[in-house]
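Q: Here it is: the structure, laid out below.
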Amino acid sequence: MENKQIKYEETQKAYWVFIVGIVSIATVIIVYKLQLEKIEILLNIVIIVSVIVISVALLFYKLKIFIDANIMTISFGVGLIKRSIELKDIDFNSIEEIKIPWYYGIGLRITPHGILFNTKFGKALKLKSKNNTKTILVGTDNFETIKKVLMKSEEI
4 MENKQIKYEE
14 TQKAYWVFIV
24 GIVSIATVII
34 VYKLQLEKIE
44 ILLNIVIIVS
54 VIVISVALLF
64 YKLKIFIDAN
74 IMTISFGVGL
84 IKRSIELKDI
94 DFNSIEEIKI
104 PWYYGIGLRI
114 TPHGILFNTK
124 FGKALKLKSK
134 NNTKTILVGT
144 DNFETIKKVL
154 MKSEEI
C-alpha cells in the first residue's frame, strides 16, 4: 500500500477574485433596483457578465500546493484546473526561486519559463521534470520550505 502522508500543503486565497465577484453581484442588484429591468438588454448583459465573472471566481479563488509521498499537485479553485508531477520525475537540481514580473499577470499563464500558477505578484518556485517535458512555476512566499520538503523526498 502506498504512503499518501501529506508532507506539505499550502492554500493561497486570491482576494482580488472575491472583490470582483462582489462588485459584479452588486452591479446586478443596482441595475435591478433602479428598475432598469425595463431595459431588458442591459439587464441581460449585466447578468451574463456576472455569470462569467462568478465562474472565473470559482475557478481561480484559491491556489493549493499539495505534496505527499509520491506527487506534487498544484490546483486552482474547485480543482478543475490542476497540474501534477510525480516526485520521482522532478529534476531536483532545477529547483530555484525566481522573481515573477508584474506583466506576467495573475492566474494560469504560459510564460517563456514554463507554466505559471499564481495568485499574486512576487516570487515563484520553478522546477523541471527530469526529461525536460514539464516546467512548472508556482507563486509562493514559502520557497525554502517547499524546497526542503522536495529535497527530503529525493533522499527517500
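Residue 4 is where the sequence shown starts when you use this note's numbering, and the numbers rise one by one after that.
Note that beta-carbon positions come from the ideal geometry of N, C-alpha and C, so glycine has one too.
Check each candidate in Phe21, Ile68, Ile42 and name the one with the smallest Cα separation from Glu12.
A: Within the sequence shown, numbered from 1, the residue matching residue 12 stands at position 9. Closest by alpha carbon: Ile68.
Q: Please report the distance separating the alpha-carbon of Lys85 from that of Val141.
A: Locating residue 85 in the sequence shown gives position 82, counting from the first residue. Locating residue 141 in the sequence shown gives position 138, counting from the first residue. Going by the C-alpha atoms only, they are around 12 Å apart.
Q: Using 8 Å for Cβ pairs, my map puts Val56 next to Val34. What's the rounded Cβ distance?
A: Counting from one through the sequence shown, the residue named residue 56 turns up at place 53. Counting from one through the sequence shown, the residue named residue 34 turns up at place 31. Not quite, the Cβ-Cβ distance comes to about 14 Å (not below 8 Å), so this is no contact.
Q: When you compare only the Cα positions, how much space is there between Thr76 and Ile44?
A: Mapped onto the sequence shown, residue 76 falls at position 73. Mapped onto the sequence shown, residue 44 falls at position 41. In a straight line, the C-alpha of Thr76 is about 43 Å away from that of Ile44.
Q: Suppose you measure from the CA of Thr30 to the CA of Tyr64; what does that come to, to the nearest Å?
A: For the purposes of this step, residue 30 is taken as residue 27 along the sequence shown, with counting starting at 1. For the purposes of this step, residue 64 is taken as residue 61 along the sequence shown, with counting starting at 1. Thr30 and Tyr64: Cα-Cα distance of roughly 20 Å.
Q: Taking the straight line between their C-alpha atoms, what separation do you get for Lys151 and Ile28?
A: As a working mapping, residue 151 is identified with position 148 in the sequence shown. As a working mapping, residue 28 is identified with position 25 in the sequence shown. Distance between the alpha carbons of Lys151 and Ile28 is about 42 Å.
Q: Could you have a look at Phe21 and say whether DSSP puts it in helix, strand or coil?
A: What you label residue 21 is simply residue 18 of the sequence shown in a count that begins at 1. Reduced to three states, the DSSP call for Phe21 is helix.
Q: Sorted by chain position, which residues of the same chain lie with C-beta nearer than 8 Å to Leu62's C-beta, five sequence neighbours on each side aside?
A: Start at 1 with the first residue of the sequence shown, and residue 62 comes out as number 59. So the qualifying residues of the chain are Phe79, Gly80, Val81, Leu83, Ile84.
Q: So which of Gly125, Val59, Ser132, Val54 has the shortest CA-CA distance to Trp105?
A: Translated into positions along the sequence shown, residue 105 becomes position 102. It is Gly125 whose Cα lies nearest to the Cα of Trp105.
Q: Can you list, in chain order, the stretches of the alpha helix (DSSP H) that have 4 or more residues and sit fully within the region 120–158?
A: Within the region 120–158, the complete alpha helix (DSSP H) runs of at least 4 residues are 146–158.
Q: From Val59 to Ala17, what does the alpha carbon distance come to, in whole angstroms?
A: Taking the sequence shown and counting its residues from 1, one reaches residue 59 at position 56. Taking the sequence shown and counting its residues from 1, one reaches residue 17 at position 14. About 12 Å.
Q: Pick from Ile42, Phe95, His116: whose alpha carbon is nearest that of Ile101?
A: As a working note, residue 101 is residue 98 in the sequence shown. Here the closest residue by C-alpha is His116.
Q: Taking 6 Å as the limit between beta carbons, can you name the residues of its chain near Asp92, skipping five residues before and five after?
A: The residue given as residue 92 occupies position 89 in the sequence shown. Ser132, Lys133.
Q: If we ignore side chains and look at the alpha-carbon of each, how far apart do Leu130 and Ser53 end up?
A: Mapped onto the sequence shown, residue 130 falls at position 127. Mapped onto the sequence shown, residue 53 falls at position 50. Cα-Cα distance, rounded: 36 Å.
Q: By Cβ distance below 8 Å, which residues in the same chain neighbour Thr143 in space, the five residues on each side in sequence not counted?
A: Taking the first residue of the sequence shown as position 1, residue 143 is located at position 140. Cβ within range, chain order: Glu13, Gln15, Ile68, Lys126, Ala127, Leu128, Ile149.
Q: Count the other CB atoms within 10 Å of the CB of Asn121; is the residue buried (16 or more) or exposed (fewer)?
A: Along the sequence shown, one-based indexing puts residue 121 at 118. Buried, since its Cβ has 16 or more Cβ neighbours within 10 Å.
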